[in-house]
Amino acid sequence: MPKFVLMLPHAPDRYTKLGEAEFMDLMKDYIGWVEEMSAKGKFEGGEKLLDEGGKVVTNKSGAIEVHDGPFTEVAEILGGYMVINADDYDEAVEIARSHPHMKHNETIIIRQTDASADD
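Numbering-wise, the sequence shown is residues 82 to 200 according to the working numbering.
So, in structure tokens, the structure goes:
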């Protein structure tokens with residue numbers, strides 16, 4: 082079955098603004114979603130990424146440059162990713178629509194993995 086990556090960008094201060102109770106409710110939503118998708122055979126895995134740190138490596142005309150990131154001036158950082166099983170992009174979109182990230186006026190970027198393109 083084809084695999085798709087759900088990339089979860091958010092504002093750098095998105096979760097630091099939440100109170101403890103609101104944050105715990107959000108985590109319950111995420112855990113419940115993962116459990117539901119796992120029971121349906123749709124969830125492969127994923128991780129939350131640290132909000133701090135990171136590196137950006139670029140090649141500019143043969144010169145490799147390394148910069149700290151994510152940057153404070155960016156509007157969004159990649160906060161995490163999840164890998165799902167779906168028949169096609171239509172099903173991947175339907176799965177993404179049910180994701181708790183969508184309840185909070187956020188964005189989900191969906192990309193199919195190359196290894197699963199022929200499945």
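All C-beta atoms in this analysis are idealised placements derived from N, C-alpha and C, irrespective of residue type, glycine included.
Residue environment, residue i, which counts as buried when at least 16 other CB atoms sit within 10 Å
| i | result |
| --- | --- |
| N186 | exposed |
| K84 | buried |
| L131 | exposed |
Secondary structure of residue i, DSSP reduced to three states
| i | result |
| --- | --- |
| L99 | coil |
| P90 | strand |
| I189 | coil |
| H182 | helix |
Reference residue i; option with closest CA among the options
| i | options | result |
| --- | --- | --- |
| K109 | P181, A196, L99 and G161 | P181 |
| S179 | E103, K123 and A102 | K123 |
| K129 | D149, F104 and G160 | G160 |
Residue i versus residue j - alpha carbon distance
| i | j | result |
| --- | --- | --- |
| V115 | G135 | 26 Å |
Inset, instruction - Could you tell me whether the region 89 to 98 touches the region 165 to 175, using the rule of 3 or more Cβ pairs below 8 Å? - result: Touching, no.
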